[in-house]
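Residue numbers (my numbering): 234 to 535.
Here is the structure we will look at.
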């Protein structure tokens, strides 16, 4: 078993294709098949199942995948230590983030790093909060941008953003400049799940107001369009409201409420040099900051 076999298996598992994995590693398909067959023979277990639907990991293959990702990260850390000793910063950082955080934070962080360390490479995975947590747990990513709770990881406070009432522009509550949480007592509400919901649920519990959830969705884009159609109202965060569609009213909430965003890793002590650089840069850029307010149309004031 060698590094090429390990890396090849991980690429096949992630791409679901022998052909794509071979292309990434400049290997012919027969060479890829031989390498995987040799790996399975050495381990004396079947790692992959191939059928008409494609490629699937066996149960032991899923466990081996997690271990192999850890091994590759170990190789990466060694390479980074050697490069750092020679005065060269290099490495690959795999990042996971939910879409609103990805578009707001990642370009600024990577831009700041790239100006000083252009040799570093980045791989971005976008998904729900639940997916980002799963990617961290299984080693797909090195660092994730998450919404608490994050107790299962080592995490760092990155950002705090305000929550707002989001209403159809013709809704009676849109006539108010400030909407009280108790005003939603009998309102049909929509909520984004898959890890986005804790701050909203906590707000309604804290104020003793019943949260009447009519729609459960995963995308804030879908949420905004459903509000625009008058299907329900919502409580959403500042980063989700950077480009609200016409026909949607954004109002301050009473009591004021916030959503915290954190950087998370599996172990702060075992982070590579490149991941530590990413975390340090992100915290310097954003830690301790809060979002600006929005005006009645959902836009930042000039």
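Glycine included, C-beta positions come from ideal geometry on N, C-alpha and C.
Nearest to residue 376 by alpha carbon, out of 466, 355 and 246?
-> 355
Pair within 7 Å by beta-carbon distance, residue 328 and residue 357 | yes
List the residues that DSSP assigns as beta-bridge partners of residue 448.
-> 423
For residue 296, three-class secondary structure by DSSP = helix
Could you give the DSSP three-state label for residue 344: helix, strand or coil?
-> helix
Sequence-distant residues of its chain with Cβ nearer than 6 Å to residue 531 (five each side left out) = In this predicted model, residue 531 has a pLDDT of only 48, less than 50, meaning its place in the structure is not dependable enough to derive any value.
On the three-state DSSP scale, how would you describe residue 409?
-> coil
Roughly how many whole angstroms lie between the Cα atoms of residue 402 and residue 342?
-> 35 Å
Which residues in the same chain have their Cβ closer than 8 Å to the Cβ of residue 291, if we skip the five residues on either side of it in sequence?
-> 278, 279, 280, 281 and 282
Which residues mark the beginning and the end of the alpha helix (DSSP H) in which residue 323 is found?
-> Premise fails: residue 323 is in no alpha helix (DSSP H) and is neither H nor E.
Report the option in 497, 385, 470 and 253 whose CA atom is closest to the CA atom of residue 491.
-> 470
Pull up the distance between the alpha-carbon of residue 198 and that of residue 480, whole angstroms please.
-> Since the first and last residues shown for the chain are 234 and 535, residue 198 lies out of range.
Leaving out five residues before and five after residue 262 in sequence, what residues of the same chain have Cβ atoms less than 7 Å from its Cβ?
-> 251, 252 and 255
Please report the Cβ distance between residue 436 and residue 333, rounded to the nearest whole angstrom; I am assuming they are in contact, meaning their Cβ atoms lie under 8 Å.
-> With 8 Å as the limit, residue 436 and residue 333 do not qualify as a contact, their Cβ atoms being about 18 Å apart.
For the region 459–496, list the beta strand (DSSP E) runs that are entirely contained and at least 3 residues long, ordered along the chain.
-> 467–470 and 481–487
N- and C-terminal bounds of the beta strand (DSSP E) containing residue 264 = From DSSP, residue 264 is part of no beta strand (DSSP E) but of the alpha helix (DSSP H) over 262–276.
Whole-angstrom distance between residue 372 and residue 365, CA atom to CA atom | 10 Å
Return helix, strand or coil for residue 242, following the three-state DSSP convention.
-> helix
Starting from residue 513 and walking both ways along the alpha helix (DSSP H), at which residues does that stretch end?
-> 506–519
Say whether the region 343–353 touches the region 398–413, bearing in mind that this needs 3 or more beta-carbon pairs closer than 8 Å, one atom from each stretch.
-> no
With burial defined as no fewer than 16 other Cβ atoms inside 10 Å of the residue's Cβ, what is the status of residue 438: buried or exposed?
-> exposed
Kindly indicate the opening and closing residues of the beta strand (DSSP E) around residue 353.
-> 353–359
Would residue 349 be called buried (16 or more neighbouring beta carbons within 10 Å of its own) or exposed?
-> exposed
Leaving out five residues before and five after residue 287 in sequence, what residues of the same chain have Cβ atoms less than 8 Å from its Cβ?
-> 249 and 250
Pick from 242, 299 and 434 that is closest to residue 258, judged by C-alpha positions | 242
Give the secondary structure of residue 364 by DSSP, where H, G and I count as helix, E and B as strand, and everything else as coil.
-> helix
Limits of the unbroken beta strand (DSSP E) element including residue 390 | 387–401
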